[in-house]
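Order-wise, the sequence lines are chains A and B. Counting with this note's numbering, you get residues 1 to 175 for the letters of the first sequence. Counting with this note's numbering, you get residues 176 to 531 for the letters of the second sequence. Backbone N, C-alpha and C fix where the C-beta goes; we use that ideal spot for every residue, glycine too. In this text the structure is predicted, and so the values were computed from the model without any measurement. A short worksheet on the structure shown next.
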Amino acid sequence: MRFDHYGKGIAKGMALTLKHALTRSNITVRYPEEKLHNSRRIRGPELVWDPERCTVCATCAKACPQGNITIVSSIGPDNKYVPERFEIDHGRCMFDGLCVEACPFEALHMGREYERGTYRRGSLVENKEQLEASDVRHPSAYFRPEFEAEIPEQTLLVNRQIRGTKTRRRGWLSP
Amino acid sequence: MMDWLHWAIFTGIILVFVLVMVMVLIMIERRGIARFQLRPGPNRVGPFGALQPVADAIKVLTKEDIIPSAGDKWVHWMAPVIVFVPAFMIFAVVPFQKGAILADLNIGILYIIAISSVGVVGVFMAGWGSNNKYSLIGAMRAVAQMVSYEIPLVLSIVGVVLAAGALSMTTIVENQSIPYILLQPLGFLIFFLGSSAELNRTPFDLLEAESEIVAGYHTEYSGMKFALFYLGEYAHALAVAAVTTVLFLGGWKLPWGIISDFPVAFIWFMAKMVAVFLLFLWVRATIPRLRVDQVMAFAWKGLFPLALANMFIIAVEVLIWPNTPWPLILVNFAAAGVLIVIWSRFFHTGGGRVEV
């Protein structure tokens, strides 16, 4: 005669939840103050353009299924093409990365940022200066794995949990 | 003349106390459940997010008050009041400390049993007046559940009344030389489960089961009326925590019979109340919602016979040993364990797989 169903399961479950509540640190992030690094190969919602490498061949513009990329070129002083206009409409972009994959000179990359909200639809159309890499605009390693070395490793909540269990105890009273 | 002044002042004090404590409980609940789910919880408004309930209250009070066009307007309007008022009325007989009681009725606990079941009428009115199938189903479930769980609840209270030999809340506390949670562990368990069903807290919250019936009886409520439902729910939780403290945890009395004056005894009472509420919270964080048939089966086939047995045991003990020697604690714990284990052989929670 076996004795079960007398509340053993409930007692076990209650003990487990209490143990977790008392010992584990939070697995969530207080977003605007704390930010996680996302994947190094992310197709972030922006494109980064490198004017040094670009030869204005317009392969990217041809690869784009949406026709989002506007390129107007002119002949420069040393008989080379220079971009007069290079504009990408991020509002219509679907971030499939075909332009990045098409670029023969590695001049166009996907970006890593994700806080890209604007108040005007028009400001999603970005010109040459805005597309260049800057402090807030970093190329991701999408289709360019060789960039991975200089990009911080992705923060996984699994790793945070393992680290947090021993050292950090945020929870009951943390603001 | 002075009598009326006394009543008015103390009612005002209790009203303010209940409102403030409801906000505190909401904060404890939200931060506590967040801790169980390993997240910070509301932490933006005020220090440690302590003003979040205030912000929520302001938000909800400025929202539009929608009444269903085909609903019964009077019933819809009256329902939140009828839910809140009984929960508030329980505090009239809660002794926060020796003498700190609005009305020391000699039938205090009977009054509480009578009053606290009035709230279900409000719940049913809300379900009926909303003219919404989800509201009505939720209200039906509420009525069925409350009527069922009232019986084991009252039977477990009878155990306390037998042992204390009084119905008055003050006398129950004064006659509790050993807290009844030790003397009647099974009674406490039944009371706790019954009252958490009465409060519609999580293992038994199927009258507002989000996955089945949007929000149950308050689906069609918004603005101030919804706030009143919310207030009523937490006021009832506070009241039940207070009643549990009085009946089973020794009320305001400190251990070893040190009865002290205003601040200490009152704080001790409050601490016990919050502890009982944290127990509710812990259960909520652990146990998932039951099915309708399981809830009813648990009341009628599980708790009801156990409550009868518990009452019988307490009656016999009171008859044989009127002044409760302490070895009874061990006897009663053993009896509770044996009863639960034996009863688990006869009783299975409905069909399907439920492992308890």
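- Taking 8 Å as the cut-off, the beta carbon of F366/B is found no closer than this to the beta carbon of I326/B.
- Judged by their CB atoms, I265/B and S291/B are nearer to each other than the 8 Å cut-off.
- Contact between S134/A and G111/A does not hold, since the beta-carbon distance rounds to 10 Å and is not under 8 Å.
- Non-local beta-carbon contacts of G297/B in its own chain, meaning distances under 6 Å to residues more than five positions away in sequence, involve A254, I257 and V258 in chain order.
- In this structure, the CA atom of T59/A is about 31 Å from the CA atom of H37/A.
- Exclusion of the five residues before and after V329/B leaves I288 as the residues of its chain whose Cβ lies within less than 7 Å of its Cβ.
- Taking the C-beta atoms as reference points, F401/B is found no nearer than 8 Å to T420/B.
- Taking every protein chain shown into account, the CB of R92/A has fewer than 16 other CB atoms within 10 angstroms, so this residue is exposed.
- When beta bridges are read from the DSSP output, D135/A appears opposite no residue.
- In the three-state scheme derived from DSSP, where H, G and I count as helix and E and B as strand, Y286/B is classed as helix.
- Taking a cut-off of 8 Å for Cβ pairs, the region 482–496 of chain B and the region 399–414 of chain B do not touch, as fewer than three such pairs fall below it.
- By a beta-carbon distance limit of 8 Å, S39/A contacts Q154/A. Their separation comes to about 5 Å.
- Residue environment analysis places K234/B among the exposed positions, since fewer than 16 neighbouring C-beta atoms fall within 10 angstroms of its C-beta.
- Beta-bridge analysis with DSSP links W49/A to L108/A and E132/A.
- When DSSP states are grouped into helix, strand and coil, P32/A belongs to the coil group.
- Listed along chain B, no residue sits closer than 8 Å to T155/A by beta-carbon distance, the nearest being about 16 Å off.
- Boundaries cannot be given for E113/A, as no beta strand (DSSP E) includes it and DSSP labels it neither H nor E.
- Residues of the same chain with a CB within less than 8 Å of the CB of L454/B, apart from the 5 flanking positions on each side, are F367 in chain order.
- Under the 8 Å criterion on CB atoms, L18/A is classed as interfacial with respect to chain B.
- The region 388–401 of chain B and the region 353–366 of chain B do not touch, with fewer than three beta-carbon pairs separated by less than 8 Å.
- By the Cβ criterion, the region 27–35 of chain A is in contact with the region 210–224 of chain B, since at least three pairs of Cβ atoms, one from each stretch, lie closer than 8 Å.
- Counting other Cβ atoms within 10 Å of its Cβ, V451/B reaches 16 or more and is therefore classed as buried.
- Annotation: P65/A is outside any beta strand (DSSP E) and is labelled neither H nor E by DSSP.
- Contact annotation: F105/A and R53/A have beta-carbon atoms nearer than 8 Å.
- Chain-ordered, the chain A residues with CB closer than 9 Å to the CB of L213/B read H20, A21, R24, S25, N26, I27, T28, Q161 and G171.
- Residue burial is scored here from C-beta neighbours: Y142/A has at least 16 other C-beta atoms within 10 angstroms and is therefore classed as buried.
- In the displayed model, S292/B falls within coil according to three-state DSSP, outside both helix and strand.
- Under a 10 Å Cβ-count criterion, N281/B is classified as exposed, with fewer than 16 other Cβ atoms of the shown protein chains found around its own Cβ.
- Exclusion of the five residues before and after R464/B leaves T377, P378, D380, L381 and A384 as the residues of its chain whose Cβ lies within less than 7 Å of its Cβ.
- At the C-beta level, M321/B and V250/B stay beyond 8 Å of one another.
- The beta carbons of V493/B and A338/B sit closer together than 8 Å.
- At a C-beta separation below 9 Å, G13/A has these neighbours in chain B: T461 and I462.
- L503/B has its alpha-carbon roughly 7 Å from the corresponding atom of L358/B.
- If you look at P255/B, you'll find it in the alpha helix (DSSP H) that goes K248 to M264.
- With its beta carbon at least 8 Å from every one in chain A, W252/B lies outside the interface.
- For K12/A, there are no CB contacts under 7 Å within the same chain when 5 residues up- and downstream are skipped.
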